[in-house]
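Notes follow once the structure below has been shown.
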Amino acid sequence: MIRTPLRPLARILSARDKGENPDRIERDNIRVRHEEMQGRARQRAEGRLLVLSVFFLVAFSAVGLRMGSISVSVPQEPRSGGVGDNILAQRADITDRNGNILATNIATYSLYAHPQQMIDPVGAAIRLAEIFPELDGEQLNRHFTGARKFVWVRQKLSPEQRQAVHEIGEPGLLFGPREMRLYPNGALAAHVMGGASFGREGVNSAEVIGVAGVENTFDEMLRDPINNGAPLALSLDMTVQAVAEEVLSGGMQLMNAKGAAGVLMDVHTGEVISLVSLPDFDPNERPHVLTEGDQADSPLFNRAVQGVYELGSTYKLFALAQAMDEGLINPDTMIDTQGPLKWGRFSIRDFHNYGPQLSATEVLVKSSNIGTARIAQMIGAERQKEFLASLGLTVPTPVEMLEASGSRPLLPPNWSELSTMTISYGHGISASPMHLAAAYASVVNGGTRIVPTLLRQDAPQNGPRVVSEEVSRISRDMLRQVVTRGTASFGEVEGYEVGGKTGSADKPRPQGGYYDDKVISTFASIFPASDPQYVLIVTLDEPSIEGLGETRRTAGWTAVPVAAELTRRVAPLLGLRPQIETLPLTAVTLTSN
Amino acid sequence: MMRSIMFLMTGLVVMGLAFWAYRENYRTQEVSRDIKSLQLEIAEARGALAILNAEWAYLNRPDRLRELAELNFDSLGLLPLTGAHYVRVDQLAWPSMPTIFDQIDNPVEVMGVIIEAQAIGGSE
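Chains as they are written, first to last, in this note's numbering: chain B, 142 to 734; chain L, 89 to 212.
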């Protein structure tokens with residue numbers, strides 16, 4: 142760069158000659174130089190502004206384009222995030238305690254029609270009626286040829302049926318995917334399962350909702366995605382349940398009963414191992430509710446949970462246990478059994494006349510109504526009520542089924558002294574076999590309250606104390622004696638030390654009073670009696686059998702043999718080892734002569 | 089001089105990064121396509137598994153097994169489990185040990201075998 146001097150000598154000298162101020166030349170030159178510098182600076186600044194504006198233009202247009210593209214594009218889930226775990230199962234499986242499947246889902250299709258797309262609606266209606274005999278061809282024809290734009294034809298199709306519909310070749314017949322609830326074991330544990338049906342339906346999917354049983358109670362939980370399809374483990378044992386159903390159904394036929402119920406419960410955890418109610422049904426094809434007659438005759442009716450019956454002499458144990466717990470009697474206390482026991486217009490009789498006196502143990506073993514009524518008189522109404530309440534016999538059982546909440550025990554409206562006496566031997570109070578199982582479990586397990594449950598448990602319940610340990614032990618011993626030398630002598634099962642109490646109650650007539658020839662016979666049993674693990678309740682509805690030349694209806698002849706057979710079959714399956722009696726060794730006698 | 093080298097380097101770095109980003113972008117897209125197809129595969133496998141589980145449960149339903157056990161009673165001889173199937177350990181028979189008399193089938197050998205056996209017994 143050529144530097145222009147601020148004071149060029151030539152001009153200074155000539156200016157001096159002319160007498161001008163040479164400083165002006167310098168100032169002039171400085172001004173020119175500054176002008177040049179300003180011009181350059183402006184140029185550079187303008188260049189920078191241009192670059193900057195281009196940069197901003199590009200940046201803003203990029204943002205604008207992105208915003209535009211986002212606003213016009215369809216929203217999309219990020220694909221890589223979240224593994225699609227349960228794309229299929231919208232409802233969790235139900236398993237038994239060992240993980241065997243009791244309820245699961247399979248994918249199937251529903252069939253619907255768009256009549257406006259149909260080529261031959263009349264022919265399609267006829268062909269469909271041929272494939273599905275239960276469909277009404279006439280009605281389909283009306284729907285297909287009428288003004289409707291959408292017709293549901295069927296909710297579920299088997300693959301064969303779907304193929305058959307495909308073969309009609311009608312473009313107006315369309316399939317929607319469906320998830321269907323399947324109970325692979327058929328009628329097994331039907332009453333516990335309940336059943337499921339479709340709730341809100343759309344073309345592409347449908348809600349599966351539980352209509353009864355555990356399907357209904359745990360509906361929310363089974364459908365909750367947060368559980369990630371974890372199966373619901375019930376306390377039932379599938380094998381035991383199958384055997385129980387087989388034996389009870391055989392027993393029901395043998396005893397000419399019209400219904401049977403069985404509850405097998407773990408006495409420490411309250412787990413229901415098996416719950417049977419016969420007749421039963423197939424939850425895959427849940428029958429309709431009866432529109433006439435008694436709902437209690439419907440196969441849908443769960444006799445073990447919903448049926449509240451007078452359970453007869455099985456209640457005697459509670460009177461004795463309470464009296465012993467309160468120290469009113471001991472097993473050897475003599476009780477007045479002179480009959481009949483008159484109370485106002487009412488008189489209490491025994492099945493046989495047992496003489497003037499029996500010990501408390503004998504009252505239970507021989508099942509004396511009079512003796513139990515006398516014991517109940519010692520206890521009194523108020524405390525009896527409290528005790529039965531502490532066993533859970535006055536409120537619906539909390540077992541996890543929709544049906545259980547509706548089965549409220551029938552209590553006397555006025556708990557008089559007479560009621561106290563009849564209730565002590567199980568008349569004038571009704572409860573379900575499930576109530577009885579829980580109450581027996583509470584008394585014999587060492588005396589702590591048991592609440593029945595259908596969910597698998599890992600630990601004993603350790604509920605509040607109902608009776609003392611000692612009373613529990615004596616009660617077990619008494620129950621054992623009922624089997625070894627009392628009314629339940631048919632209940633003996635070799636090796637399993639069955640103890641139990643029979644109960645036969647006349648059925649009440651709908652119009653009042655009792656039938657003479659219809660009974661509910663019940664056997665409440667525990668095994669093994671010395672250290673009870675399970676309590677088994679077997680109830681037969683209207684049994685009668687010919688035995689020793691007369692018609693027998695009492696539990697000792699009907700429910701007891703069925704329960705014994707059931708115990709014989711079920712106890713080994715539960716892993717109980719029979720107690721093999723060892724013969725005493727030949728004793729060596731010391732003699733000296 | 090230094091400045092222009094810096095500019096050049098920066099330019100190269102920017103181009104390199106742009107190339108890297110381009111490749112990463114396409115790789116990501118490829119991986120997410122893979123994941124999508126894998127998820128479909130998983131869903132299909134789950135569906136198949138559910139069907140197979142249902143089928144297994146259906147084929148193993150107690151009613152069917154009971155019928156099969158009854159049909160094949162001749163060959164299998166399956167009976168319901170009862171308490172009689174439990175025994176104590178001391179009730180089990182020991183497996184029978186072969187004795188030297190099981191090995192003797194020819195009377196002529198008798199002497200030799202017995203002597204041999206005594207010799208073995210004696211050496212123990």
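Backbone N, C-alpha and C fix where the C-beta goes; we use that ideal spot for every residue, glycine too.
Using the C-alpha atoms, what's the distance from B:Asn425 back to B:Ser214? In a straight line, the C-alpha of B:Ser214 is about 46 Å away from that of B:Asn425.
How about B:Pro325 and B:Ile235: do their beta carbons lie closer than 8 Å? Taking 8 Å as the cut-off, the Cβ atoms of B:Pro325 and B:Ile235 do not count as close.
Shortest alpha-carbon distance to B:Gln258 belongs to which of B:Pro550, B:Ala646, B:Phe291, B:Phe442? The candidate whose alpha carbon is nearest that of B:Gln258 is B:Phe291.
If you measure between the beta carbons of B:Tyr601 and B:Ala578, is that distance less than 8 Å? Rather than Tyr, the amino acid found at residue 601 of chain B in this sequence is Pro. Contact: no.
Output the distance between the C-alpha atoms of B:Pro713 and L:Gly171, rounded to the nearest integer angstrom. Taken atom to atom, the span from the alpha-carbon of B:Pro713 to that of L:Gly171 is near 6 Å.
Could you check the C-alpha separation between B:Leu551 and B:His576 for me, to the nearest Å? Near 12 Å, if we compare the C-alpha coordinates of B:His576 and B:Leu551.
Verify the CB distance criterion: does L:Arg91 have a CB-CB separation below 8 Å to chain B? No, no contact with chain B.
At what residues does the beta strand (DSSP E) containing B:Gln296 begin and finish? If you look at B:Gln296, you'll find it in the beta strand (DSSP E) that goes 292-298.
Restricting to runs no shorter than 4 residues, where is the alpha helix (DSSP H) found entirely within the region 482-554 of chain B? 501-507, 510-520, 522-531, all fully within the region 482-554 of chain B.
Whether B:Asp466 touches B:Ser609 by CB criterion (8 Å): Yes, these two residues count as a Cβ contact at 8 Å.
Given B:Met393, which residues of its chain have a CB within under 6 Å of its CB, disregarding the five upstream and five downstream residues? A distance below 6 Å between beta-carbons, with the five flanking residues on each side excluded, links B:Met393 to the following residues of its chain, in chain order: Ala401, Leu419.
B:Pro684 (DSSP reduced to helix, strand or coil): In this structure, B:Pro684 counts as coil in the three-state DSSP scheme.
Enumerate in chain order the residues of its own chain whose CB-to-CB distance from B:Val536 is below 8 Å, with the five nearest sequence positions on each side excluded. In its chain, beyond the 5 residues on either side, Ala530, Arg549, Pro550 have a beta carbon closer than 8 Å to the beta carbon of B:Val536.
Contacts of B:Leu379 in chain L (Cβ-Cβ under 8 Å): Just to set this straight, residue 379 of chain B is Met in the shown sequence, not Leu. Residues of chain L with a Cβ closer than 8 Å to the Cβ of B:Met379 are, in chain order, Pro150.
When you compare the CB of B:Leu715 with every CB in chain L, is at least one pair closer than 8 Å? The C-beta of B:Leu715 comes no closer than 8 Å to any C-beta of chain L.
Give me the Cα-Cα distance between B:Glu308 and B:Glu275, rounded to the nearest whole angstrom. Whole-angstrom Cα-Cα distance: 19 Å.
In the structure shown, what three-state DSSP assignment does B:Arg152 receive? Assigned with DSSP and collapsed to three states, B:Arg152 falls in helix.
Quick check on this structure: which residue in B:Ala646, B:Val504, B:Gly240 has the alpha carbon closest to the alpha carbon of B:Val623? The shortest C-alpha to C-alpha distance from B:Val623 to any of B:Ala646, B:Val504, B:Gly240 is the one to B:Val504.
In the structure shown, what three-state DSSP assignment does B:Lys659 receive? In the three-state DSSP reduction, B:Lys659 falls in the strand class (E or B).
Residues of chain L with CB under 7 Å from B:Glu308, in chain order? Simply none; closest approach about 23 Å.
Coarse secondary structure for B:Gly370, derived from DSSP in three states: Note: B:Gly370 maps to coil in three-state DSSP.
Going along the region 155-183 of chain L in order, which residues come within less than 7 Å of chain B, judged by CB to CB distance? Using a CB distance below 7 Å, the part of the region 155-183 of chain L facing chain B consists of Pro168, Leu169, Thr170, Gly171, His173, Tyr174, Arg176, ordered along the chain.
Work out the CA separation of B:Asn555 and B:Gly485 for me, nearest whole Å. Rounded to the nearest angstrom, the two C-alpha atoms are 16 Å apart.
What does DSSP give as the partner residues of B:Asn246 in its beta bridges? Answer is B:Arg322, bridged to B:Asn246.
Cβ-Cβ separation, B:Met619 to B:Leu373 (assumed contact under 8 Å), whole Å: Contact doesn't hold; Cβ gap of about 39 Å is too wide.
CB-CB length for B:Val711 against B:Ala398, believed under 8 Å: Actually they are not in contact, since the Cβ atoms of B:Val711 and B:Ala398 sit about 19 Å apart, beyond 8 Å.
According to DSSP, B:Glu691 sits in a beta bridge with which residue or residues? Paired residue(s): B:Gly688.
Would you kindly check if the distance between the Cβ of B:Gly636 and the Cβ of B:Leu719 is under 8 Å? Rather than Leu, the amino acid found at residue 719 of chain B in this sequence is Pro. Yes, Cβ-Cβ distance for B:Pro719 and B:Gly636 is below 8 Å.
Check the C-beta distance from B:Ser583 over to B:Val612 and give it rounded, since I have them as a contact under 8 Å. 12 Å between Cβ atoms; not a contact.
Neighbouring residues, chain L, relative to B:Thr245 (Cβ below 8 Å): In chain order: Ala138, Asn141, Ala142, Ala145.
As assigned by DSSP and simplified to three states, the class of L:Val101: It is helical.
The beta strand (DSSP E) that contains B:Ile643, what's its start and end? First, the amino acid is wrong: residue 643 of chain B is Thr here, not Ile. For B:Thr643, the uninterrupted beta strand (DSSP E) segment begins and ends at 640-649.
Kindly indicate the opening and closing residues of the alpha helix (DSSP H) around B:Glu386. For B:Glu386, the enclosing alpha helix (DSSP H) begins and ends at 379-395.
Exposed or buried, which one is B:Glu310 when buried takes at least 16 other CB atoms within 10 Å? Correcting the residue type first, residue 310 of chain B is Gly in the shown sequence and not Glu. Flag for B:Gly310 reads exposed.
With DSSP run on the structure shown, which of helix, strand or coil describes B:Ile260? Three-state DSSP puts B:Ile260 in coil, outside helix and strand.
Consider the Cβ of B:Asn170: report whether some Cβ of chain L lies at a distance smaller than 8 Å. Not an interface residue.
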